[in-house]
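Here UniProt numbering is used: the first residue of the sequence shown is 11, the next is one more, and so on. Cβ coordinates follow ideal geometry from the N, Cα and C atoms, glycine included. Just below is one structure, and these are the notes that go with it.
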Amino acid sequence: IVNITIDGVPVSCPETTLILDAAKMAGIDIPVLCYHPDLKVRATCRLCVVELKGQKKLKTACSNEVWDGAEFITNSPAVRQARKDVLELILAEHPQDCLQCVRNTNCELQQLARDFGVSKPLFANQPKQIPIEDSNGVIVRDMAKCVKCGRCVEMCQEVQTVGAINTAHRSVEYEVTTAFDRPLQDSTCIYCGQCIAVCPVGALYEKDDTEKVWQAIGDSDKHVIVQVAPAVRVALGEEFGLEPGSITTGKLVAALRRLGFDKVFDTDFAADVTIMEEGNELLERMSHGGTLPLITSCSPGWINFVETFYPDLLDNVSTCKSPQQMFGALAKSYYPEKAGIDAAKIVSVSIMPCTAKKYESARPEINSSGYRDVDVVLTTRELARMIKQAGFDFNKLSNAEFDAPLGISTGAAVIFGTSGGVMEAALRTVYEVVTGKELANVDFEGVRGLTGVKEAEVDLDGKKVKVVIANGLKNARVILDKIRAGECDYQFVEIMCCPGGCIGGGGQPWGTTQATKEARMAGLYQADRELSIRQSHKNPAVKALYDEFLGKPLSHKSHELLHTHYHP
Ligand code: HC0
Numbered sequence: 011i012v013n014i015t016i017d018g019v020p021v022s023c024p025e026t027t028l029i030l031d032a033a034k035m036a037g038i039d040i041p042v043l044c045y046h047p048d049l050k051v052r053a054t055c056r057l058c059v060v061e062l063k064g065q066k067k068l069k070t071a072c073s074n075e076v077w078d079g080a081e082f083i084t085n086s087p088a089v090r091q092a093r094k095d096v097l098e099l100i101l102a103e104h105p106q107d108c109l110q111c112v113r114n115t116n117c118e119l120q121q122l123a124r125d126f127g128v129s130k131p132l133f134a135n136q137p138k139q140i141p142i143e144d145s146n147g148v149i150v151r152d153m154a155k156c157v158k159c160g161r162c163v164e165m166c167q168e169v170q171t172v173g174a175i176n177t178a179h180r181s182v183e184y185e186v187t188t189a190f191d192r193p194l195q196d197s198t199c200i201y202c203g204q205c206i207a208v209c210p211v212g213a214l215y216e217k218d219d220t221e222k223v224w225q226a227i228g229d230s231d232k233h234v235i236v237q238v239a240p241a242v243r244v245a246l247g248e249e250f251g252l253e254p255g256s257i258t259t260g261k262l263v264a265a266l267r268r269l270g271f272d273k274v275f276d277t278d279f280a281a282d283v284t285i286m287e288e289g290n291e292l293l294e295r296m297s298h299g300g301t302l303p304l305i306t307s308c309s310p311g312w313i314n315f316v317e318t319f320y321p322d323l324l325d326n327v328s329t330c331k332s333p334q335q336m337f338g339a340l341a342k343s344y345y346p347e348k349a350g351i352d353a354a355k356i357v358s359v360s361i362m363p364c365t366a367k368k369y370e371s372a373r374p375e376i377n378s379s380g381y382r383d384v385d386v387v388l389t390t391r392e393l394a395r396m397i398k399q400a401g402f403d404f405n406k407l408s409n410a411e412f413d414a415p416l417g418i419s420t421g422a423a424v425i426f427g428t429s430g431g432v433m434e435a436a437l438r439t440v441y442e443v444v445t446g447k448e449l450a451n452v453d454f455e456g457v458r459g460l461t462g463v464k465e466a467e468v469d470l471d472g473k474k475v476k477v478v479i480a481n482g483l484k485n486a487r488v489i490l491d492k493i494r495a496g497e498c499d500y501q502f503v504e505i506m507c508c509p510g511g512c513i514g515g516g517g518q519p520w521g522t523t524q525a526t527k528e529a530r531m532a533g534l535y536q537a538d539r540e541l542s543i544r545q546s547h548k549n550p551a552v553k554a555l556y557d558e559f560l561g562k563p564l565s566h567k568s569h570e571l572l573h574t575h576y577h578p
């Protein structure tokens with residue numbers, strides 16, 4: 011422990027504390043731009059400089075630790091001027107089209123410029139002329155707006171280990187780019203959107219598909235249905251001033267109805283179906299010598315990753331489509347048959363915390379209903395935009411219920427949205443199928459939490475099953491390398507692409523940090539506890555689906571509609 015002062019406020023803290031964090035302890039927020047609490051420090055922007063009493067040289071607060079007796083000043087004329095200079099230099103080449111920018115009112119640079127009173131550029135504003143890249147249908151790159159903070163590079167290279175983007179060149183030529191400056195679709199990009207999640211400005215964002223949905227809703231000849239992913243319900247509220255993790259399911263359903271969707275359904279219904287199919291696939295592989303370990307297949311960024319980096323392990327990946335795509339297939343086969351609707355008139359929309367879901371829905375091999383199974387995917391952010399455009403007060407909506415039957419779901423399904431959730435949901439069902447006994451307690455605490463790799467052993471009445479969960483792709487590599495080397499004795503592996511699982515998806519409200527994810531995770535476990543049915547095989551709507559339509563899990567019809575094969 012060392013003793014320091016910051017702006018005269020005494021602080022006692024461990025000597026490994028960054029000046030930035032020590033200042034927080036003193037109640038002082040030092041401005042940052044390149045710094046992000048979940049990423050390795052780069053210290054490129056120099057906005058967080060502070061003064062050391064008695065010295066002229068300024069120090070960056072994000073990359074320097076405190077030492078005993080140090081006296082820092084965070085608000086001297088020299089510090090304020092240095093920060094203003096940095097902002098003026100960035101703004102000198104930054105486009106001034108804030109009104110048209112997707113991050114308007116939610117941009118870290120705009121906020122800093124406002125805070126520091128930088129209303130006029132230091133030099134004549136000469137924004138760079140770089141064409142916007144939006145040809146991949148998922149991620150838009152407007153690199154004229156890039157402030158070169160390097161957060162996206164850190165995320166892509168170090169956290170996700172995808173390496174689609176990097177920095178190149180020096181001095182004024184310095185830029186964030188792909189190899190040979192090719193479009194993203196020619197890179198190793200897996201469309202996870204984690205670069206978007208950490209971008210402080212409007213340089214990276216998802217392709218906006220809201221207009222397609224407005225048009226469908228306005229077309230009286232169409233029957234427009236919507237499904238909502240589990241992780242959306244604990245994050246959407248942030249767009250309307252609620253705390254992260256607030257469970258907004260009832261208001262979300264009411265808002266979707268108010269927007270004009272004909273039926274409001276739940277991806278969670280299909281998550282329960284996924285457990286029926288994937289749980290049985292696991293048991294089938296275990297009893298008939300199939301390829302093990304079985305690896306979950308519901309996270310589309312992960313599927314893109316395995317196809318690109320570990321194609322030799324594709325046989326380990328479950329043949330189950332993701333819940334989004336299972337829902338899509340059932341929404342254009344089972345649902346129209348049951349509801350007496352012409353499937354050709356159905357427009358199937360999904361609200362996802364994820365950008366890779368846009369890519370997944372457009373995969374050519376996923377259209378088994380005879381139509382495109384999911385027509386439009388919107389992120390949590392895009393849905394919030396639609397609600398704001400419609401002008402009603404989200405917070406004043408009364409809670410509403412999902413429509414039946416594709417809106418009926420269980421607690422097992424809602425926890426799909428967090429790392430460890432798919433595994434826990436599977437175990438809640440597999441245990442009872444294998445043992446024929448009721449679980450006394452459905453909570454598998456050992457697979458929960460945001461740790462990178464979680465291992466557990468489950469006793470299925472004398473039969474031991476070893477499972478492991480990898481949270482984010484860097485951690486996935488640890489498991490995949492072991493499988494490749496033949497050094498792994500797990501039977502079942504959960505891999506979610508985004509750190510934390512879908513609660514931290516690339517389409518969630520901006521400003522997501524580890525702390526936000528923890529709050530959203532707690533929200534999902536609370537939602538699980540509050541549901542009366544918490545195991546997928548006990549979902550009455552899923553039982554009816556098998557009785558009336560599919561027959562049984564892994565039936566011919568199930569295979570046709572709900573399974574697929576991925577390829578390198
Ligand atoms: Fe997820 Fe899913 S849990 S991937 O994160 O499995 O996006 O929330 O919808 O499909 O259910 C995302 C979230 C889903 C799917 C489900 C799975």
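Can the beta-carbon of residue i be found less than 7 Å from the beta-carbon of residue j?
i: H573; j: T306; result: no
i: Q237; j: T390; result: no
i: I513; j: M531; result: yes
i: T220; j: R243; result: no
i: V51; j: F82; result: no
i: T365; j: G203; result: yes
i: P321; j: Y500; result: no
i: G173; j: Q167; result: yes
i: V263; j: V274; result: yes
i: D538; j: I418; result: no
Taking 6 Å as the cut-off, does the CB of residue i come closer than this to any heavy atom belonging to the ligand HC0?
i: residue 1; result: This structure leaves residue 1 out entirely; the chain is present only between 11 and 578.
i: G516; result: no
i: C512; result: yes
i: G561; result: no
i: K367; result: yes
i: F82; result: no
i: G427; result: yes
i: S371; result: no
i: C202; result: no
i: P240; result: yes
i: T277; result: yes
i: S419; result: no
i: Q536; result: no
i: A422; result: no
i: Q334; result: yes
i: S309; result: yes
i: M362; result: yes
i: A281; result: yes
From the DSSP output, which residues share a beta bridge with residue i?
i: Q22; result: One point to set straight first is that residue 22 is Ser, not Gln, in the sequence displayed. According to DSSP, S22 bridges with N13.
i: F82; result: I16 and L62
i: E143; result: R151
i: Q237; result: F275 and S360
i: M286; result: Partner(s): none; M286 has no beta bridge.
Indicate the three-state DSSP secondary structure (helix, strand or coil) for residue i in the structure shown.
i: S181; result: helix
i: Y441; result: helix
i: S358; result: strand
i: Y535; result: helix
i: T188; result: strand
i: C205; result: helix
i: A154; result: helix
i: Y381; result: coil
i: D557; result: helix
i: A495; result: coil
i: Y344; result: helix
i: Y369; result: helix
i: N409; result: coil
How many Å lie between residue i and residue j at the Cα?
i: V357; j: S145; result: 23 Å
i: K348; j: A341; result: 10 Å
i: V440; j: D278; result: 18 Å
i: K492; j: C498; result: 6 Å
i: G533; j: P240; result: 11 Å
i: P310; j: Q121; result: 34 Å
i: A414; j: H547; result: 17 Å
i: C156; j: D218; result: 19 Å
i: A525; j: K355; result: 43 Å
i: E455; j: E448; result: 18 Å
i: I40; j: N85; result: 9 Å
i: L49; j: E164; result: 7 Å
Kindly say whether residue i, judged by its beta-carbon, lies nearer than 7 Å to any beta-carbon of chain B.
i: D229; result: Looking at the structure shown, chain B is missing, and only one protein chain is on hand.
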